[in-house]
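**Q** Sharing a structure with you now.
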Amino acid sequence: TEQSAGIIQIPKSVRELVRIQPFDQETDSSQKQSYLAKMQGTRKPVLPVHTVAEKKLFTDLMRTSVTFQKCSTSISLPAAEIWNQKAEITADIYYKVN
């Protein structure tokens, strides 16, 4: 993969596996964290859980989603897919990979 300033581009195979949309210069360049998203090749950047909205979503999913409850030490592929579907439609929720 290509690397720049410590930022890796998320391979297409990984993006497709966890339902991450590719970066689109026309629609994604004005969003928060657009430089990072562009360098990663993703519509939104892949970041650790860090916003208030993400912490709330994580808490809600751990309480209500069997898929998340089955994750013991890291996020599973099905859990990443669920999370990224929420990221697509929710501000301040960023993509995750497993």
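UniProt numbering puts the first residue of the sequence shown at 1, with every later residue one more than the last. All C-beta atoms, glycine included, are put in the ideal place defined by N, C-alpha and C.
#1: Among Val-18, Ile-10, Gln-9 and Lys-44, which has the Cα closest to the Cα of Leu-77?
#2: Specify whether the segment 80-92 and the segment 19-35 touch according to this definition: at least 3 beta carbon pairs, one from each stretch, less than 8 Å apart.
#3: Let me know if Ile-8 comes out buried or exposed under the rule of 16 or more other beta-carbons within 10 Å of its beta-carbon.
#4: Can you give me the Cβ contacts of Lys-96 inside the same chain, cut-off strictly under 7 Å, excluding the 5 residues immediately before and after it?
#5: Could you give the distance in angstroms between the alpha-carbon of Ser-29 and the alpha-carbon of Lys-44?
**A** Result, derived from the coordinates:
#1: Against the sequence shown, residue 77 aligns to sequence position 77. In terms of CA proximity to Leu-77, Val-18 leads the group Val-18, Ile-10, Gln-9 and Lys-44.
#2: The segment 80-92 makes contact with the segment 19-35: 3 or more CB pairs, one atom from each, lie closer than 8 Å.
#3: Here residue 8 is taken as the residue at index 8 of the sequence shown, counted from 1. So Ile-8 ends up on the exposed side.
#4: Here residue 96 refers to the residue found at position 96 of the sequence shown. Excluding residues within five positions, the ones whose Cβ falls inside 7 Å are Val-46, Ile-75, Ala-80, Trp-83 and Asn-84.
#5: Here residue 29 corresponds to residue number 29 of the sequence shown, with the count starting at 1. Here residue 44 corresponds to residue number 44 of the sequence shown, with the count starting at 1. Using only the alpha carbons, I get a separation of about 10 Å.
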